[in-house]
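Here the structure is laid out as structure tokens; the discussion comes afterwards.
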Ligand code: HEM
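Below, the structure is given as structure tokens:
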């Protein structure tokens, strides 16, 4: 049993992330039913369920990624955390701010902009705790005297850029931006595009870290391909936001360029994981099989999303798909298929590393069932959203009601597959949460004899 508990803070973040994801999906499902039956749970209007859903699932991405970083640095990279106290402060800051935001949504107290619809004063603790995280990260990582592997750069960049882009997304508080609608929208959506890039950096960094650890070969994290992905990702983070402002006047070349950059990034990321997969020995695959399975799923979803992104990046199609369910398919396809899959790989990698085989092997068949249920449902969910989007895009009548009736079968399939996807993820999250709790439990089950 280990006496060093400096990495425990990371596990607490991960567990909170799993709770946020489980609750967030429930609000997504309620929102799906509200599409079908607008009077469903009317006291919890869609104006509340949507921000509750989006805030919870996006915060789960941050929590799982942050937790992984806090865990891997001291435990596996053998870099003592600069401040363990700051991790606790960050955690409790997140909990209190998060609960206050949920309370604001439930009581109908809005005040921010889309995606951050809580009163903007609540962004102050978010900024402060992020600074704590950033200082802790850089002061810890700089103890590593070796040249940094690519994932250190990715995590560091994600941290810095989240701070910049989150600050940018608050520029509307200044009258100069707020008083001109085009200016406000451009700045708002530009910052959101780059913000997505910042959490992608945290998640992709985690994927490359896991790939390196699972294969036991550092060469991927120092390869030219991995660093080209990093620079492309950085470039994408800074310039790939243009499609978010498609409907406001801007130079067409900026959009074309930005799309090209984001496609290349996805492609290279897929290639790295693909190459890594081909090089794994069978025993390595089995040893980490849950983590491996989630990374493999992320890889497949990279290619599926790349296909959709390529189509909606064509300006003529973009005009037709913008604001339809196709945009939602793109948003959910990437966050669930890529970010969540990578971060679940991280959860099960930690479990494999920290608990004896015997313990997690007990639930492996349930985990497999949850995995397939979630992924097959996600495929149906994704296609149903695209078909609903096409239905909306091609409708040339004037009656909203008529259009909604036309796409109702697809919305029905979307909601139903949303329910089964949630069940699949709940099974996975339940075991992840429970097993991680065992790592945190003060008394460990005795290690079994090695086979
Ligand atoms: C598994 C984790 C999930 C993640 C990470 C996720 C992520 C997201 C994101 C990022 C959005 C905003 C999309 C946009 O603005 O274009 C969204 C919206 C939405 N999600 Fe999810 N989602 C998840 C699961 C679900 C599930 C299981 C359902 C169930 C049906 C669902 C239903 C919805 C609905 C109804 C919306 C609002 C769409 C709209 O406003 O048109 N989500 N989700």
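Numbering (this note's numbering), first residue to last: 1 to 451. We treat Cβ as the ideally placed atom computed from N, Cα and C, and that holds for glycine.
Contact test: residue i Cβ vs the ligand HEM heavy atom, cutoff 7 angstroms
i, result
"residue 203", "no"
"residue 331", "yes"
"residue 322", "no"
"residue 327", "yes"
"residue 113", "no"
"residue 53", "yes"
"residue 21", "yes"
"residue 58", "yes"
"residue 13", "no"
"residue 404", "no"
"residue 350", "no"
"residue 95", "no"
"residue 340", "yes"
"residue 78", "no"
"residue 25", "yes"
"residue 47", "no"
"residue 422", "yes"
"residue 50", "yes"
"residue 410", "no"
"residue 414", "yes"
"residue 335", "yes"
"residue 233", "no"
Spatial distance of residue i from residue j (CA atoms)
i, j, result
"residue 421", "residue 337", "12 angstroms"
"residue 58", "residue 81", "26 angstroms"
"residue 436", "residue 317", "45 angstroms"
"residue 156", "residue 354", "26 angstroms"
"residue 349", "residue 390", "39 angstroms"
"residue 438", "residue 15", "11 angstroms"
"residue 122", "residue 101", "7 angstroms"
"residue 35", "residue 412", "9 angstroms"
"residue 212", "residue 224", "14 angstroms"
"residue 31", "residue 382", "16 angstroms"
"residue 403", "residue 396", "9 angstroms"
"residue 117", "residue 356", "44 angstroms"
"residue 351", "residue 162", "28 angstroms"
"residue 47", "residue 392", "21 angstroms"
"residue 142", "residue 153", "11 angstroms"
"residue 71", "residue 38", "43 angstroms"
"residue 21", "residue 335", "12 angstroms"
"residue 346", "residue 91", "19 angstroms"
"residue 73", "residue 18", "21 angstroms"
"residue 430", "residue 93", "25 angstroms"
"residue 45", "residue 96", "24 angstroms"
"residue 432", "residue 366", "12 angstroms"
"residue 364", "residue 434", "13 angstroms"
"residue 270", "residue 228", "13 angstroms"
"residue 502", "residue 114", "Past the edges of the chain, shown from 1 to 451, lies residue 502, and the structure says nothing about it."
"residue 326", "residue 195", "21 angstroms"
"residue 387", "residue 200", "27 angstroms"
"residue 304", "residue 275", "18 angstroms"
"residue 307", "residue 441", "44 angstroms"
"residue 159", "residue 12", "19 angstroms"
"residue 198", "residue 191", "10 angstroms"
"residue 267", "residue 107", "43 angstroms"
First and last residue of the uninterrupted alpha helix (DSSP H) at residue i
i, result
"residue 134", "123–141"
"residue 85", "84–106"
"residue 423", "400–440"
"residue 362", "Looking at the DSSP string, residue 362 is not in any alpha helix (DSSP H), and its letter there is neither H nor E."
"residue 219", "First-last for residue 219: undefined, no H or E at that position."
"residue 175", "175–178"
"residue 34", "8–36"
"residue 155", "150–168"
"residue 301", "289–313"
"residue 323", "No alpha helix (DSSP H) contains residue 323, which DSSP labels as neither H nor E."
"residue 116", "Unbroken run through residue 116: none, as it is neither H nor E."
"residue 236", "224–239"
"residue 344", "341–354"
is_contact[residue i, chain D] using C-beta, thresh 8 angstroms
i, result
"residue 126", "Note that chain D does not occur in the displayed structure, where there is just one protein chain."
Sufficient close CB pairs (3 or more, under 8 angstroms) joining the region 117–132 to the region 78–90: yes
Any contact between the region 330–344 and the region 291–300? By contact I mean 3 or more CB pairs, one from each, below 8 angstroms. yes
Three or more C-beta pairs closer than 8 angstroms, one from the region 424–438 and one from the region 17–28: is that the case here? yes
Touch check for the region 111–129 and the region 160–168: three-plus C-beta pairs under 8 angstroms? yes
Check whether the region 146–154 and the region 171–184 touch, using three or more Cβ-Cβ pairs below 8 angstroms as the test. no
May I ask you to verify whether the region 366–380 touches the region 397–409, counting CB pairs closer than 8 angstroms and requiring at least 3? no
When the Cβ atoms of the region 227–237 are set against those of the region 190–208, are three or more pairs found closer than 8 angstroms? yes
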